[in-house]
Every structure is written in C-alpha cells, then in structure tokens.
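Chemist: Supplied in structure tokens, the structure appears directly below.
Here is the structure:
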C-alpha cells in the first residue's frame, strides 16, 4: 500500500499511520512536482492538495481523505468520474462549531459589540439584551453539526425547528421538516443558523425573498459556506433593517474583502472561518484515516464516505 500525504502532518500523526499499516510506503510532500510523480501509484491520499487532472492516471487510488466536512471545492469532473471514494471529516466539528454558534448568538443577543464600543470610548452605556430562552431557533441543515447546535439550544430553553433532506424525529429538535418547508420556517425563527453543505441546491438558499420572510428582530448565523447566502442581498437587508443582525464565519470571498460593508456594520460580527478550529483537530482526522486504512486492508466498507453526486 502506498499512502501519499499532502496535508501538513505532524510526526506523531505519521507515526499513528505507520503503526496502523506498518508495511505501507508513506510519502509526505507538498511539492507539486513530487505529488505529480507519486499520485499515479498511490492507493490513498490524505490531503486536498493534489492534482485533479492526474486522477485518470491513478488506477489504484482507493480513497482520498480530506480534513474538512465540506467538500464543495473538491468535486470537480475528474473526481466525480474517478471510482476513488472521498472521505471527509464530518462528525468531529460538532462541539467546536456549536460553541462558536452560541458565541455569536449570545454576543449579538446581549449586544456585546455595542458594549465593546462603549468600553473603548470609556462610556457607561446600558443596553437592553435579548434572550435565548423561550425563543425559536431554526437550523437549516440538521446533520451532526446541526444536532450539536440543537442539543445546546435545548439547554438554553429554546424551541428548535430544523430542516434536512430526509427529515426524521430527533431528541434535540421540536420538529424536523424537509427543506421544501423553508419558507414556512423562516417567519417563526428568532435565530436562524445555516449549517447545510454547499451544493447546487443550497447555493443562494437564503436570498432577498427569504430574508424578507424573517422577523425584523431575527439574527442570522452562517457557519456553513458563504455562497449559501446571497451576500449582496444580505448586506442590503442589514442596511435596511430587514433583519436585526448577523454572525458570519464564512463568506463569498475569503479572506473577506477589506472593502466589504460587513466589516463596519455595528450589528454584524465577522469571524475568519474558524468555527471548526480546535487544538486537536488533526488528531480526530487521523482517527478517521487510520480506521479507514484498517477497513481498506480488511475489504470492509469505509466510514465518512461522501456521496460525490449529492455533494456531502
């Protein structure tokens, strides 16, 4: 077995892989020429840094492990046409992303940006906060991340409404609806969290029409992908007071354009696509990789396999 590692792997991660498959040839490189030289004979790639145009020359490639949950940037025609399975890191982000969501929700509900501005100006200004308790949270995209958000929302005493492609009852949601009921859900929500993968169906899922369906007091949180929202429509909605505020971790363009109006809006919190970050992140990715290396050797089904046609 040959494993090509193009991710920034530490020595202890490589050691864990060697322990799982001691007979494997392991190549660690981020150099494009070296990647091109080793791809055609690789059985496994760990990392999103590879050359898609060479995939037709990789007859032995069984799977590609990436370190993100979202894979929208990887699903080009070469990968879609190749039989290699794509493995993502879903399931490891739930806690850290859910905590980030509540950081943004609480900061906006309690008007933390206004208090920070007052502190910088040495002004003693009291503001009237909003509550999370007894308010309705809408979660668009109710996979493992959405469920982690729902679990914490119930601890705050919130009513949780969620949408997903295949709705089924869940202990952390009061109701789970299909995506086609989005327009019925939006007017009910005090807080709206976007946690859906980016696919052709979810691109611009939230546009001007959807924002107008929201309560004027609604707060929107996006930890999904930037293009899930029509960003110009969101900017206009915030400028006109169509919704009350937004906490945004993802954007059309990253880094966010320094000229974007979002930077200076008092009712917006911008974070630099960091909701999923945590100190031991790669340890969890390696756990998935090692498990799949063992399964691959034993001819067993792999875990965390992406449906390449569906996009997640």
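Numbering (my numbering), first residue to last: 1369 to 1680.
Using N, Cα and C, we set each Cβ at its ideal position, and we do this for glycine too.
(1) Pull up the CB-CB distance for residue 1653 and residue 1384, whole angstroms please, since I reckon it's below 8 Å.
(2) Since residue 1517 and residue 1561 should fall inside the 8 Å C-beta cutoff, what is the C-beta to C-beta distance between them, to a whole number of angstroms?
(3) If you drop the 5 nearest sequence neighbours on each side, which residues of the same chain put their C-beta closer than 8 Å to that of residue 1522?
(4) Return yes when the Cβ of residue 1620 is within less than 8 Å of the Cβ of residue 1587, no when it is not.
(5) Measure the beta-carbon distance from residue 1557 to residue 1639 and round it to whole angstroms, keeping in mind my assumption that it falls under 8 Å.
(6) Taking Cβ positions, are residue 1465 and residue 1513 nearer each other than 8 Å?
(7) Identify whether residue 1514 lies in helix, strand or coil by the three-state DSSP scheme.
(8) How big is the Cα-Cα spacing for residue 1564 and residue 1405?
(9) Is residue 1462 helix, strand or coil by DSSP?
(10) So, at 6 Å on beta carbons, what are the nonlocal neighbours of residue 1674 in its own chain, with the 5 sequence-adjacent residues on each side left out?
(11) Which term fits residue 1492, buried or exposed, when burial requires 16 or more other beta carbons within 10 angstroms of its beta carbon?
(12) Relative to the alpha-carbon of residue 1660, which residue among 1388, 1372, 1380 has its alpha-carbon at the smallest distance?
(13) For residue 1425, does the three-state DSSP call read helix, strand or coil?
(14) Counting only the same chain and skipping the five closest in sequence on each side, list residues whose C-beta sits under 6 Å from that of residue 1680.
(15) Quick check: residue 1601 and residue 1576, are their CB atoms within less than 8 Å of each other?
(16) Who are the near neighbours of residue 1546 in its chain, counting only those whose CB is closer than 6 Å to its CB and skipping five residues on each side?
(17) Less than 8 Å separating the beta-carbons of residue 1413 and residue 1463?
(18) Report all residues from its chain with a CB closer than 6 Å to the CB of residue 1459; omit the five preceding and five following residues, and keep chain order.
(19) When we look at the beta-carbon of residue 1642 and count the other beta-carbons within 10 Å, is it buried (16 or more) or exposed?
(20) With a floor of 4 residues, list each alpha helix (DSSP H) that falls wholly inside the stretch 1637-1670, ordered by position along the chain.
(21) Quick one: give me the first and last residue of the alpha helix (DSSP H) that residue 1385 is part of.
(22) Alpha carbon to alpha carbon, how far is residue 1437 from residue 1670? Give it in angstroms, no decimals.
(23) For residue 1454, list the residues DSSP reports as bridge partners.
(24) In or out: residue 1593 buried (at least 16 other Cβ within 10 Å) or exposed?
(25) CB residue 1573 to CB residue 1596, shorter than 8 Å?
(26) Run through DSSP, which three-state label would residue 1571 get?
(27) Which partner residues of residue 1614 appear in the DSSP bridge assignment?
(28) Taking the alpha helix (DSSP H) that residue 1599 falls in, what are its first and last residues?
(29) Between the Cα of residue 1583 and those of 1570, 1551, 1410, spot the shortest distance and give me the residue it belongs to.
(30) Residue 1526 and residue 1553: beta carbons closer than 8 Å?
(31) Residues in its own chain within less than 8 Å of residue 1418 by CB, not counting five upstream and five downstream?
(32) Quick test of your reading: residue 1617 and residue 1591, contact by CB under 8 Å. State the CB separation rounded to the nearest angstrom.
Modeler: In short:
(1) Along the chain shown, read from residue 1 onward, the residue named residue 1653 stands at position 285. Along the chain shown, read from residue 1 onward, the residue named residue 1384 stands at position 16. Separation of the CB atoms of residue 1653 and residue 1384 is rounded to 11 Å, and the pair is thereby denied contact status at 8 Å.
(2) Position 149 of the chain shown, counted from the first residue, corresponds to residue 1517. Position 193 of the chain shown, counted from the first residue, corresponds to residue 1561. Yes, they are in contact, since the Cβ atoms of residue 1517 and residue 1561 sit about 6 Å apart, within 8 Å.
(3) In the chain shown, the residue the question calls residue 1522 occupies position 154. If we look at residue 1522 and ignore the five residues flanking it on each side, its Cβ neighbours are 1528, 1540.
(4) What you label residue 1587 is simply residue 219 of the chain shown in a count that begins at 1. What you label residue 1620 is simply residue 252 of the chain shown in a count that begins at 1. No. Outside cutoff.
(5) Within the chain shown, numbered from 1, the residue matching residue 1557 stands at position 189. Within the chain shown, numbered from 1, the residue matching residue 1639 stands at position 271. Actually they do not touch by this definition, with Cβ atoms about 21 Å apart.
(6) For the purposes of this step, residue 1465 is identified with residue 97 of the chain shown, where counting begins at 1. For the purposes of this step, residue 1513 is identified with residue 145 of the chain shown, where counting begins at 1. Yes; because the gap between Cβ atoms is below 8 Å, this pair is in contact.
(7) Working through the chain shown from its first residue, we reach residue 1514 at position 146. The answer is helix: DSSP assigns residue 1514 an H, G or I state.
(8) As a first step, residue 1564 must be located in the chain shown, where it is residue number 196. As a first step, residue 1405 must be located in the chain shown, where it is residue number 37. Computed Cα separation, rounded: 36 Å.
(9) Translated into the one-based positions of the chain shown, residue 1462 becomes position 94. Three-state result, residue 1462: helix.
(10) Within the chain shown, residue 1674 is the residue found at index 306, counting from 1. 1439, 1454, 1456, listed in sequence order.
(11) Stepping through the chain shown from its first residue, residue 1492 is reached at position 124. Label assigned to residue 1492: exposed.
(12) As a first step, residue 1660 must be located in the chain shown, where it is residue number 292. The shortest C-alpha separation from residue 1660 is found at 1388.
(13) For the purposes of this step, residue 1425 is taken as the residue at position 57 of the chain shown. Residue 1425 falls in the helix class under three-state DSSP.
(14) In the chain shown, residue 1680 corresponds to position 312, counting from 1. Here the set comprises 1565.
(15) Looking up residue 1601 in the chain shown gives position 233. Looking up residue 1576 in the chain shown gives position 208. Yes; because the gap between Cβ atoms is below 8 Å, this pair is in contact.
(16) Taking the chain shown and counting its residues from 1, the one referred to as residue 1546 is at position 178. For residue 1546, where only same-chain residues beyond five positions count, the Cβ hits under 6 Å are 1535.
(17) Within the chain shown, residue 1413 is the residue found at index 45, counting from 1. Within the chain shown, residue 1463 is the residue found at index 95, counting from 1. Not in contact: residue 1413 and residue 1463 (Cβ atoms no closer than 8 Å).
(18) Here residue 1459 refers to the residue found at position 91 of the chain shown. The residues are 1512.
(19) Within the chain shown, the letter at position 274 stands for residue 1642. Exposed, because fewer than 16 other Cβ atoms sit within 10 Å of the Cβ of residue 1642.
(20) For the stretch 1637-1670, whole alpha helix (DSSP H) runs of length 4 or above, ordered along the chain, are 1649-1665.
(21) Against the chain shown, residue 1385 aligns to sequence position 17. Here the alpha helix (DSSP H) through residue 1385 covers 1379-1388.
(22) Residue 1670 sits at position 302 when you count from the first residue of the chain shown. Residue 1437 sits at position 69 when you count from the first residue of the chain shown. Computed Cα separation, rounded: 16 Å.
(23) Here residue 1454 is taken as the residue at index 86 of the chain shown, counted from 1. According to DSSP, residue 1454 bridges with 1432.
(24) Taking the first residue of the chain shown as position 1, residue 1593 is located at position 225. Answer is buried; the Cβ neighbour count reaches 16.
(25) Counted from its first residue, the chain shown places residue 1573 at position 205. Counted from its first residue, the chain shown places residue 1596 at position 228. Yes, Cβ-Cβ distance for residue 1573 and residue 1596 is below 8 Å.
(26) Here residue 1571 corresponds to residue number 203 of the chain shown, with the count starting at 1. It is coil, neither helix nor strand.
(27) Start at 1 with the first residue of the chain shown, and residue 1614 comes out as number 246. The partner list for residue 1614 (beta bridge, DSSP) reads 1588, 1636.
(28) Indexing the chain shown from 1 puts residue 1599 at position 231. It spans 1599-1608 - the alpha helix (DSSP H) in which residue 1599 sits, taken as one unbroken run.
(29) Here residue 1583 refers to the residue found at position 215 when the chain shown is read from its first residue. It is 1551.
(30) In the chain shown, counting from the first residue as 1, residue 1526 sits at position 158. In the chain shown, counting from the first residue as 1, residue 1553 sits at position 185. Cβ distance not < 8 Å, so residue 1526 and residue 1553 don't count as in contact.
(31) Locating residue 1418 in the chain shown gives position 50, where the first residue counts as 1. Cβ neighbours of residue 1418 beyond the five flanking positions: 1372, 1374, 1403, 1407, 1432.
(32) Position 249 of the chain shown holds residue 1617. Position 223 of the chain shown holds residue 1591. Between residue 1591 and residue 1617 the Cβ distance is about 5 Å, and since that is below 8 Å, they are a contact.
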